[in-house]
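Reviewing the structure listed below.
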Ligand code: ASP
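Numbering (my numbering), first residue to last: 141 to 541.
Below, the structure written as structure tokens:
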């Protein structure tokens, strides 16, 4: 799942849903029946990506006390946005290739059938709060870049430095080891040919790793953070938080917020702020959101597809699985390419039935940490998502083992 690489979860996962291809369909049906049986009608309820887990209690109590569904969802996503140690969202989110943090977010408020979104906003820590302001204080839905920032400042949001000491150093590590003109040049007395002739690709990687460790130390990255930093450089992490909230009257809202793909091109916007891709809520049907490979999700309008599927009668699990299959279809089922795509959907139907579905079980770089959906419906828990394919997605770009 595309969420902060930190593991926020403290609860054990109930049961393994790891699926073999041959029995996958049957197990999905069983799982669907189980979900429908145990959860139909359980309201209020909040679901989120796993990095929302720590913030569910406060939001659930707020919702149960009569709080608005969008405000409840915003309470959840604000947690990771404010957390400098979550490198996927808000403050501390990893920057673009120029070292600038650009954030994306959107929200939908079911009861009033309104929406707000910002794309590529800089210097504002909580884009999820800004999208609510866009929704409430403009006649527009979507503001981007400089205009979004100026609007936020006009609304009273402070301009803040979103790069932390750590994220700045990891960006420098990426610049020095992954681009041509940063780092010591030919004239440096310690210059060494990076990849001596006659070496295998494996040798070259060992040399590159050694250099990255040296540069990480020179940059002052703490020893215990160096492995994470190097992994974030080699495999540009994605990460996002989505949250949907449903109250006992059947009001439903959703929000998604992210710093997007690390080291992205300036101006790149993923799926998270796109109404209908990263998030969609319809008061008549339910709410859905996404984390993962944004470019792929945009092409299938994932969240909207899921809501429309449910409107036609599919269960949350069926609706999400169908959206995943559309991504698979876009690659003609070619798993050699699909293995580099990661996608998780978080789905909440108006009657309280929910599902978390993923293309793969988890990331290859994080074995043993499957994708999860966090839930609070009176009891807080995190459950493994139902994966379409067995196995783990590979990090992009491809690297030798
Ligand atoms: N979907 C986000 C994006 O593409 C990233 C993620 O969820 O991991 O920007």
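For glycine and all other residues, C-beta sits at the position ideal for the given N, C-alpha and C.
When secondary structure is reduced to three states using DSSP, residue 454 falls in the coil class, being assigned neither helix nor strand.
Under the three-state reduction of DSSP, residue 307 is assigned to helix. Non-local beta-carbon contacts of residue 331 in its own chain, meaning distances under 8 angstroms to residues more than five positions away in sequence, involve 324 and 325 in chain order.
Contact between the segment 282–301 and the segment 252–265 is present: 3 or more CB-CB pairs across the two stretches fall below 8 angstroms.
Within the model, the alpha-carbon separation for residue 384 versus residue 497 is close to 15 angstroms. Counting along the chain, the unbroken beta strand (DSSP E) around residue 381 starts and ends at 380–386.
Here residue 437 is actually not in contact with residue 428; their C-beta atoms are around 11 angstroms apart, not less than 8 angstroms.
Rounded to the nearest whole angstrom, the C-alpha separation of residue 491 and residue 187 is 13 angstroms. Across the structure, residue 469 and residue 481 are spaced so that their CA atoms are roughly 13 angstroms apart. By the neighbour-count criterion, in which 16 or more other beta carbons inside 10 Å mark a residue as buried, residue 511 falls on the buried side.
Judged by DSSP secondary structure, residue 488 falls within the beta strand (DSSP E) whose first and last residues are 483–489.
According to DSSP, residue 520 shares a beta bridge with 516. DSSP, reduced to helix, strand and coil, places residue 301 outside both helices and strands of the structure shown, so it counts as coil. A Cβ-Cβ separation of about 7 angstroms places residue 233 in contact with residue 243 under the 8 angstroms criterion. With a cutoff of 8 angstroms, residue 340 does not count as near the ligand ASP, since its C-beta is closer than that to no heavy atom of the ligand. In the three-state scheme derived from DSSP, where H, G and I count as helix and E and B as strand, residue 471 is classed as coil.
Put simply, the backbone Cα of residue 215 is about 27 angstroms away from that of residue 459.
Counting only the Cα atoms, residue 329 lies some 53 angstroms from residue 514. Cβ neighbours of residue 416 within its own chain (closer than 7 angstroms, five residues either side excluded): 441, 443 and 444.
Within its own chain, the residues whose Cβ lies closer than 7 angstroms to the Cβ of residue 407, once the five positions on either side in sequence are excluded, are 260, listed in chain order. Contact annotation: residue 297 and residue 341 have beta-carbon atoms that are not nearer than 9 angstroms. Relative to the ligand ASP, even the nearest heavy atom lies 8 angstroms or more away from the CB of residue 210. When DSSP assignments are scanned along the segment 170–236, the uninterrupted stretches of beta strand (DSSP E) that are 3 or more residues long and fall wholly within it turn out to be 185–189. The beta strand (DSSP E) runs of length 3 or more contained entirely in the segment 231–289 are, from start to end of the chain, 243–249, 254–261 and 282–284.
Excluding its 5 nearest sequence neighbours in each direction, residue 389 has no C-beta neighbour in its own chain below 7 angstroms. Secondary structure note for residue 426: its beta strand (DSSP E) is the uninterrupted segment 426–432.
Annotation for residue 337: no alpha helix (DSSP H) segment contains it, and DSSP assigns it neither H nor E. Residue 527 has 498 as its beta-bridge partners, per DSSP.
Checking the 8 angstroms criterion, the Cβ of residue 405 is out of range of every heavy atom belonging to the ligand ASP. Short of 7 angstroms from the beta carbon of residue 446, and not among the five residues preceding or following it, lie these beta carbons of its own chain, in chain order: 428, 459, 460, 463, 485 and 487.
Across the structure, residue 420 and residue 302 are spaced so that their CA atoms are roughly 27 angstroms apart. Ranking 523, 489 and 516 by CA distance to the CA of residue 501 puts 523 first. If you compare the alpha carbons of 240, 525, 247 and 313 with that of residue 264, the shortest gap goes to 240.
The C-alpha of residue 305 is placed about 20 angstroms away from the C-alpha of residue 318.
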